[in-house]
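Structure, rendered in structure tokens:
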């Protein structure tokens, strides 16, 4: 399983627009092959810090997701709405007892 985290500092004037945009985008992404979880969150400490948590069945499915038209359009559209964005990818491992 692949885990993706995205932390972004949204410009205050774009926050509502981005949240509406993400509600629509999430419906499309959650229907994609390999998507397990796609959850947007707002920081309890800073209302303009947004956190996206994703789980994908495989790296290949994540890469296919990132290459979709709706995601390339999303990146181009939303990029100016943010002061900063950091994306990290993790491979889930099993914990031994």
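Residue numbers (the UniProt record's numbering): 1 to 97.
Note that CB positions come from ideal geometry on N, CA and C, so glycine has one too.
Taking a 10 Å sphere around the C-beta of residue 20, we find fewer than 16 other C-beta atoms and assign the residue as exposed. For residue 5, the enclosing beta strand (DSSP E) stretches over residues 2-10.
Proximity to residue 6 across 32, 75, 50 peaks at 50, based on C-alpha coordinates. Per DSSP, the beta-bridge partners of residue 85 are 8. Burial is judged here by how many other beta carbons sit within 10 angstroms of a residue's own beta carbon; residue 2 has at least 16 and is buried. Only residues of its own chain outside the window of five on either side were considered, and among them 53 have a CB closer than 6 angstroms to the CB of residue 39, listed in chain order. Excluding sequence positions up to five before and after residue 91, its CB lies within less than 7 angstroms of the CB of 2, all in the same chain and listed in chain order.
Note on residue 66: under 16 other CB atoms within 10 angstroms of its CB, so exposed under the neighbour-count rule. Around residue 78, the same chain offers no residue with a beta carbon nearer than 6 angstroms, after the five sequence neighbours per side are excluded. Taking the Cα positions, residue 85 is about 9 angstroms away from residue 10.
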